[in-house]
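A short write-up of the structure that comes next.
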Amino acid sequence: MKSALAIRHVHFEDLGAFGPVLEGAGYAVGYCQAGVDSIAQSGAGNADVLIVLGAPIGAYEEDKYPFLLDTMRVLEARLAAGRPTAGICLGAQLMARVLGARVYPGPAKEIGWAPVSLTQEGQNGPLRHLEDKPVLHWHGDTFDLPHGTTRLASTALTPNQAFSYGPDVLGIQFHPEALGGNFELWLLGHACEIAGVAGLSAGALREDACRYTQAASQAGAALFSEFLVGLSRT
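If you use my numbering, the sequence shown corresponds to residues 57 to 290, in order.
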């Protein structure tokens, strides 16, 4: 059976809508809990598909979170070999850094539900399923577009919302995997961050989640399904 491994940092930021897609495509799905499990011994380098998930830390904070070095070593090897790999939020930022791009605090935190603008390449690939659909944004950092990658999506605040690196590598800054069923855990887990952003409230985020998550998660599942179908190395 093919294997899919997700490197998870906080419990509620899991594979979400991507999990059933992987299982339906015949993958045995497992998690490596960053900071607890050994990333070097997790099999992340050999998994048929690796997904690096999000976290409320910076991709440049390896002095505070040394396990980031192990994740970047795995990503460097996989990306150099073109092995099927996806990064969400922090995962995309780590991929960008491994590819030589700068990762840094953005002009403002981008938290909430809004559509992304797709490039022509984005419209012609798996992200086409997100066309005109509000998706969940939850990040404060951003990154420059890595050399050799293709920009797929942007917003006014974040020019580089998604990129591809060949047919088998996908980095996404926003959260197409997010599900409505556990969104309350996002509000609890990020309560301090929400309180620190002027004009942002848990109530408004909750209302928007009720309004948008069903369509967004269905689109996210379709996106990831098409990504898996298009892989050249499975």
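Think of the CB as a built atom: it goes at the ideal place given N, C-alpha and C, for glycine as much as any other residue.
In this text the structure is predicted, and so the values were computed from the model without any measurement.
Starting from the Cα of ALA136, find the closest Cα among VAL154, LEU244, LEU241 and give me that residue.
The option with the nearest alpha carbon to ALA136 is VAL154.
Under the rule that 16 or more other beta-carbon atoms within 10 Å means buried, what is GLU187, buried or exposed?
Per the 10 Å Cβ criterion, exposed.
Following the continuous alpha helix (DSSP H) through ARG153, name the residue where it begins and the one where it ends.
146-154 is the extent of the alpha helix (DSSP H) around ARG153.
Assuming ALA90 and ILE63 form a contact by the criterion Cβ under 8 Å, report the distance between their Cβ atoms to the nearest whole angstrom.
Yes, they are in contact, since the Cβ atoms of ALA90 and ILE63 sit about 5 Å apart, within 8 Å.
Between the alpha carbons of CYS248 and VAL85, how many angstroms are there, rounded?
Using only the alpha carbons, I get a separation of about 32 Å.
Locate the beta strand (DSSP E) running through PRO161, then write down its first and last residues.
159-170 is the span of the beta strand (DSSP E), which, as asked, contains PRO161.
Three or more beta-carbon pairs under 8 Å between the stretch 239-256 and the stretch 213-225, yes or no?
No: fewer than three Cβ pairs fall under 8 Å.
So, using beta-carbon positions, are GLN274 and ASP197 closer together than 7 Å?
No; because the gap between Cβ atoms is not below 7 Å, this pair is not in contact.
If you measure between the beta carbons of GLY178 and LEU213, is that distance less than 7 Å?
In this structure, LEU213 does not lie closer than 7 Å to GLY178 by Cβ.
Beta-carbon within less than 6 Å of TYR121's beta-carbon, same chain only, minus the 5 sequence neighbours each way: which residues are those?
ILE113, listed in sequence order.
CA-CA distance, CYS88 and GLN97?
Distance between the alpha carbons of CYS88 and GLN97: 10 Å.
Within a Cβ cutoff of 6 Å, which residues of the same chain sit near GLY143, ignoring the five residues on either side of it in sequence?
Here the set comprises VAL108, MET151, GLY227.
State the Cα-Cα distance for the pair THR206 and ALA133, rounded to the nearest angstrom.
One C-alpha to the other measures close to 20 Å.
Are the beta-carbon atoms belonging to ALA73 and LYS189 less than 7 Å from one another?
It is not a contact, given that the beta carbons lie outside the stated cut-off.
Taking only three categories from DSSP, how would you classify GLN89?
GLN89 falls in the strand class under three-state DSSP.
So the alpha helix (DSSP H) THR269 belongs to, where does it begin and stop?
258-285 is the span of the alpha helix (DSSP H), which, as asked, contains THR269.
Evaluate SER281 with the Cβ neighbour count: other Cβ atoms within 10 Å of its Cβ, from every protein chain shown; 16 or more gives buried, anything less gives exposed.
Its Cβ being crowded by 16 or more others within 10 Å, SER281 is buried.
Going by other Cβ atoms of all chains shown within 10 Å of its Cβ, with 16 needed for buried, is PRO163 buried or exposed?
Label assigned to PRO163: exposed.
Cutting at 6 Å between CB atoms, please list the residues of its own chain near PRO182, excluding the five before and the five after it.
The answer, listed in chain order, is LEU279, GLU282, PHE283.
Could you give the first and the last residue of the continuous alpha helix (DSSP H) run that contains VAL225?
First-last for VAL225: 225-228, but that is the beta strand (DSSP E), not the alpha helix (DSSP H).
Can you name the residues that DSSP bridges to TYR83?
Beta-bridge pairing links TYR83 to LYS58.
Just verifying my parser: in three-state terms, what is the DSSP assignment at ARG64?
Correct three-state label for ARG64: strand.
Please go through the stretch 95-130 and give each complete beta strand (DSSP E) segment of 3 or more residues, from N-terminal end onward.
The qualifying runs are 105-108.
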